[in-house]
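What follows is a short report on a single structure.
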Ligand code: F6R
Ligand code: ZN
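Numbering (the numbering used here), first residue to last: 80 to 265.
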């Protein structure tokens, strides 16, 4: 039988001591995400061990929902801030919630039909991600961006579309300020 429990989430670091799923995403595995391939190569040559983000998940066998944190480190490649891969859920009826606990960023969202939206990520803001909206988070600040996410266990991740085509809009640094611009490569 599934039993209720309280799970500690450290909103500063994103640590979830009782997490039973974890992965670390090194920047070297994010080749192709950034438009400026030369800047990417220069970055990884100088920072071969750099980590883009880490994910910790708390999942109980047989449960309908699971949750966890994503901790995104600050950085930039070319004029693009560090970002997650971005994905649709396999199940088109499954949305998600992202509750930002520390740091600053922006959540880029888009539909298959071409709608785009951005939601600010700042401590206290819980982003509602409706079903079938692709979502990518971007750390636009100088500190780690930590958010807790809550999702159905069977949602699944579909990375292919975004990995192949990118997202319609980019979050870039323009003279030290965040700008959301159309992706010329889309
Ligand atoms: C789960 C979810 C987050 C992301 C995580 C990393 O549905 O949206 O847990 O998986 O922030 O981002 P991706 O998976 O896009 O690399
Ligand atoms: Zn998701």
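Here a beta-carbon is modelled for each residue, glycine too, at the ideal position from N, C-alpha and C.
In this text, all values refer to a predicted model and were calculated from it rather than measured experimentally.
Taken from the Cβ of residue 175, at least one heavy atom of ligand 2 lies inside 6 Å. The residue from 148, 117, 112 and 84 with its alpha-carbon nearest to that of residue 102 is 148.
In this structure, the beta-carbon distance from residue 248 to residue 241 does not fall below 7 Å. In the three-state scheme derived from DSSP, where H, G and I count as helix and E and B as strand, residue 242 is classed as helix.
When rounded, the separation of the alpha-carbon atoms in residue 236 and residue 167 is 6 Å.
The residues 206, 226 and 228, in chain order, have a CB closer than 6 Å to that of residue 177 in the same chain once the five nearest residues on each side in sequence are set aside. Where residue 225 is concerned, the enclosing beta strand (DSSP E) starts and stops at 224-231. If you draw a straight line from the Cα of residue 201 to the Cα of residue 234, it is about 25 Å long. Apart from the 5 residues on each side of it in sequence, residue 111 sits with its Cβ closer than 8 Å to the Cβ of 242 in its chain, given in chain order. Between residue 246 and residue 180, the beta carbon gap of about 24 Å keeps them out of contact (Cβ cut-off 8 Å). Judged by beta-carbon spacing, residue 165 lies beyond the 7 Å limit of residue 217, meaning their Cβ atoms are not closer than that value. Within the model, the alpha-carbon separation for residue 203 versus residue 219 is close to 16 Å. DSSP places residue 169 outside any alpha helix (DSSP H), giving it a letter other than H or E. Around the beta-carbon of residue 122, 16 or more other beta-carbon atoms lie within 10 Å, marking it buried.
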